[in-house]
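This report concerns only the one structure given below.
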Amino acid sequence: MLRLSALYRYPLKSGKAETLQAVGLDKLGLEGDRRWMLVDEASGRFLTQRAVAKMSQLSALWNAAGGLTLSSPGYPSLDVALPDSASELRGVTIWNDTLRVPDAGTAAAAWVSDFIGKPTRLVQMPLERARTTQAGYGRDDDQVAFADGYPLLLIGQGSLDDLSREIGRPMEMLRFRPNLVIEGAEAFAEDGWKRLRIGDIEFRMVKPCSRCVLTTIDPRTGERSADREPFATLQTYRKTEQGAMFGQNLVNDGVGRLEVGMAVTVLE
Numbered sequence: 001m002l003r004l005s006a007l008y009r010y011p012l013k014s015g016k017a018e019t020l021q022a023v024g025l026d027k028l029g030l031e032g033d034r035r036w037m038l039v040d041e042a043s044g045r046f047l048t049q050r051a052v053a054k055m056s057q058l059s060a061l062w063n064a065a066g067g068l069t070l071s072s073p074g075y076p077s078l079d080v081a082l083p084d085s086a087s088e089l090r091g092v093t094i095w096n097d098t099l100r101v102p103d104a105g106t107a108a109a110a111w112v113s114d115f116i117g118k119p120t121r122l123v124q125m126p127l128e129r130a131r132t133t134q135a136g137y138g139r140d141d142d143q144v145a146f147a148d149g150y151p152l153l154l155i156g157q158g159s160l161d162d163l164s165r166e167i168g169r170p171m172e173m174l175r176f177r178p179n180l181v182i183e184g185a186e187a188f189a190e191d192g193w194k195r196l197r198i199g200d201i202e203f204r205m206v207k208p209c210s211r212c213v214l215t216t217i218d219p220r221t222g223e224r225s226a227d228r229e230p231f232a233t234l235q236t237y238r239k240t241e242q243g244a245m246f247g248q249n250l251v252n253d254g255v256g257r258l259e260v261g262m263a264v265t266v267l268e
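Numbering (the UniProt record's numbering), first residue to last: 1 to 268.
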């Protein structure tokens with residue numbers, strides 16, 4: 001039987017994961033997932049672990065009011081309130097998208113600038129300012145917050161186990177930053193799924209996930225693997241014209257609640 005074996009949320013894009021037992025879903029995926037982002041103050045360009053590996057050690061915990069608590073070893077924690085309707089809007093760029101979103105204010109900017117080591121701003125994504133997903137995949141009205149391209153990422157536990165065998169040592173699931181982990185399926189079974197149901201919620205698989213060097217960052221330490229694993233092995237047996245694929249991007253059709261342990265049904 002297929003079951004939902006793990007749930008992860010990333011309140012801050014490229015920040016540390018939050019392990020969950022249950023969570024609600026809204027039209028942008030898991031509630032509170034990647035609704036905050038760091039940007040270069042001068043350019044508005046988004047920042048991630050690809051360029052700033054130490055972001056893997058930045059904890060940004062979401063709270064029920066939508067605010068954020070920032071912390072990291074050696075830094076005092078800071079509670080950041082959800083920006084209100086009067087907050088300054090800041091122009092930001094994430095990949096090819098340019099938009100204006102609320103800025104979290106000067107105290108948050110001072111904290112993240114100190115952490116990053118250069119002038120940086122913290123911004124937030126309200127539901128009404130969401131981006132549309134990548135053209136050519138999914139539906140025209142599919143939306144996403146600050147995730148790279150899609151609201152949710154699913155990985156099968158069997159797929160990670162297979163990759164670990166190929167490499168010769170266990171790989172951490174959090175290197176791949178999924179939202180949903182499914183157990184009970186063969187390795188890479190998710191590549192053939194088109195629609196799922198978990199609880200009362202249906203999901204559409206829209207695109208395989210192309211991986212990058214971010215997977216070489218150890219989520220526990222923030223250090224890059226000297227042997228470039230697992231990215232190096234992925235390129236030997238999971239490479240396509242679009243990149244080395246691992247995991248499936250998906251969209252939820254409806255809102256509701258997920259809990260670890262729920263049965264998963266493949267509808268198509």
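Yeah, the Cβ is synthetic: ideal placement off N, Cα and C, and Gly gets one too.
Span of the beta strand (DSSP E) around residue i
{"i": "G91", "result": "89 to 94"}
{"i": "R177", "result": "Run containing R177: none; DSSP gives neither H nor E here."}
{"i": "P208", "result": "201 to 211"}
{"i": "R197", "result": "195 to 198"}
{"i": "D79", "result": "75 to 80"}
{"i": "L259", "result": "In the sequence on display, residue 259 carries Glu and not Leu. Run containing E259: 256 to 259, per the beta strand (DSSP E) assignment."}
{"i": "S72", "result": "68 to 72"}
As assigned by DSSP and simplified to three states, the class of residue i
{"i": "K27", "result": "coil"}
{"i": "G247", "result": "strand"}
{"i": "T265", "result": "strand"}
{"i": "I128", "result": "Going by the sequence as given, residue 128 is Glu instead of Ile. Helix, per DSSP."}
{"i": "K54", "result": "helix"}
{"i": "L99", "result": "strand"}
{"i": "A187", "result": "coil"}
{"i": "A232", "result": "helix"}
{"i": "D237", "result": "One point to set straight first is that residue 237 is Tyr, not Asp, in the sequence displayed. Correct three-state label for Y237: helix."}
{"i": "T19", "result": "strand"}
{"i": "L152", "result": "strand"}
{"i": "L2", "result": "coil"}
Local Cβ density within 10 Å of residue i, reported as buried at 16 or more and exposed below that
{"i": "R34", "result": "buried"}
{"i": "E229", "result": "buried"}
{"i": "V255", "result": "exposed"}
{"i": "P76", "result": "exposed"}
{"i": "L12", "result": "buried"}
{"i": "L89", "result": "exposed"}
{"i": "M205", "result": "buried"}
{"i": "residue 271", "result": "Any question about residue 271 goes unanswered here, given that the chain covers just 1 to 268."}
{"i": "Y8", "result": "buried"}
{"i": "Y10", "result": "buried"}
{"i": "K239", "result": "exposed"}
{"i": "G32", "result": "buried"}
{"i": "M1", "result": "exposed"}
Boundaries of the alpha helix (DSSP H) in which residue i is found, first to last residue
{"i": "W111", "result": "106 to 116"}
{"i": "G158", "result": "157 to 167"}
{"i": "A60", "result": "Element bounds for A60: not the alpha helix (DSSP H) but the beta strand (DSSP E), 59 to 62."}
Bridge partners - residue i, DSSP secondary structure assignment
{"i": "W36", "result": "L12, Q124"}
{"i": "Q143", "result": "T132"}
{"i": "R45", "result": "T93"}
{"i": "D253", "result": "E202"}
{"i": "residue 272", "result": "With the chain covering only 1 through 268, there is no way to say anything about residue 272."}
Beta carbon proximity, residue i to chain E, threshold 7 angstroms
{"i": "T233", "result": "Structure shown: chain E not included; a single protein chain is present."}
### Query
So does the stretch 80 to 89 actually touch the stretch 41 to 54, counting three or more Cβ pairs closer than 8 angstroms?
no
### Query
Counting Cβ pairs closer than 8 angstroms, one from the stretch 211 to 221 and one from the stretch 167 to 181, do we hit at least three?
yes
### Query
Are the stretch 122 to 137 and the stretch 23 to 31 touching, with three or more C-beta to C-beta distances below 8 angstroms?
yes
### Query
Does the stretch 142 to 154 come within contact of the stretch 241 to 256, defined as at least 3 CB pairs closer than 8 angstroms?
yes
### Query
Are the stretch 184 to 201 and the stretch 155 to 165 in contact at 8 angstroms, needing three or more beta carbon pairs?
yes
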